[in-house]
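Residue numbers (the numbering used here): 140 to 271. We treat Cβ as the ideally placed atom computed from N, Cα and C, and that holds for glycine. See below for the structure under consideration.
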Amino acid sequence: MSATDVLAVAAEGGVIGDGRSGANLALGVGLVGVAIGWLALARVAGRFSTGNARTGAMAAMVVGMVGTALAALHLATSSGGPGTGNGMVGAVAAIPLGLIAMAFGRRALSHARRTERTADRAEHEREFGSTS
């Protein structure tokens, strides 16, 4: 089974049951992405030091993108409108969650890069002395 077939089955709700399953899956993936992004931001800010902030930021961006893609695919393949029980409202709510996860990941990644540059500059000054 190809990746597009897997995404199509996931967006349609799979073999589990009703049409809301795909929207619930997209919502869950979006929430996980937001949590990963928030934890990556907390790592960069120095609130706790477990894990790598860059890895968490990249994971948040990827998970957010997958959640957004699942929600968009569910919206494209579901029939009916809001209130019909097909999960349209859940999919619409999952799109901003995925985008928020990607924004958290991007922000954490940019902060991690800035922190690394500052640390490299401080190490260089310690090794070779101040250049000013």
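query                                                                                                                                                                    : result
Would the beta-carbon of L214 fall within 8 Å of that of A240?                                                                                                           : no
Hey, A199 and G167: beta-carbon distance below 8 Å or not?                                                                                                               : no
Looking at the structure shown, is P235 part of a helix, part of a strand, or coil, going by DSSP?                                                                       : helix
Alpha carbon to alpha carbon, what distance is there between G176 and I234?                                                                                              : 16 Å
Apply the 10 Å Cβ neighbour rule to N191 and answer buried if 16 or more other Cβ atoms are within range, or exposed otherwise.                                          : exposed
A196: buried (16+ other C-beta within 10 angstroms of its C-beta) or exposed?                                                                                            : buried
Could you tell me the distance, in whole angstroms, from the CA atom of R193 to the CA atom of T216?                                                                     : 35 Å
Please state the DSSP three-state secondary structure of S249.                                                                                                           : helix
Excluding the 5 residues preceding and the 5 following T207 in the sequence, name in chain order all residues of the same chain whose CB lies nearer than 7 Å to its CB. : I234, G237 and L238
So, at 6 Å on beta carbons, what are the nonlocal neighbours of N225 in its own chain, with the 5 sequence-adjacent residues on each side left out?                      : G158, S217 and G219
Would you report the Cα separation of N163 and P221, rounded to the nearest angstrom?                                                                                    : 15 Å
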